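All remarks here apply to the structure that follows.
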Amino acid sequence: METSKTKTSFYRRLYVAWLIDSGAATSVPAIMEATGMPRRTAQDTLLALGELDIDCHFEQQSGERNNAGHYVIRDWGAIDKHWIAANLHQIKAVLNYP
């Protein structure tokens, strides 16, 4: 069965938010490494989290330059992050992530 683009896009956003919130990947390079996404896809996915009312914010490290810092999830909105954790295997399988 082929998965729809809508579902894969939704799951990709959930997975990236989960990676950030869990501390597994809190930067664009770390997200790229964890998922195999190209840089632009990772950046676009981060921007699209707001469409799901997931409040993702970049925290600049004090005293650092050139976007040194990390992303944090401030609010999940209507998304249940516990559902993501419980269904992580299915999400990764749909996305073909390791």
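For the sequence shown, numbering that gives the first Met the number 0 gives the first residue as 0, with consecutive numbering after it.
Ideal Cβ placement from N, Cα and C applies to all residues, glycine included.
The structure displayed is predicted, hence computed values, not measured ones.
- Take the alpha-carbon of A24 and the one of A33: they are about 7 Å apart.
- Going by DSSP, I53 is part of no beta strand (DSSP E) at all; its letter is neither H nor E.
- For the 7 Å CB-CB criterion, Y10 and I72 do not form a contact.
- If you draw a straight line from the Cα of S8 to the Cα of H69, it is about 23 Å long.
- The alpha-carbon separation between R12 and I53 amounts to approximately 9 Å.
- Y70 is bridged by DSSP to F57.
- Going by C-alpha positions, G76 is about 7 Å away from L51.
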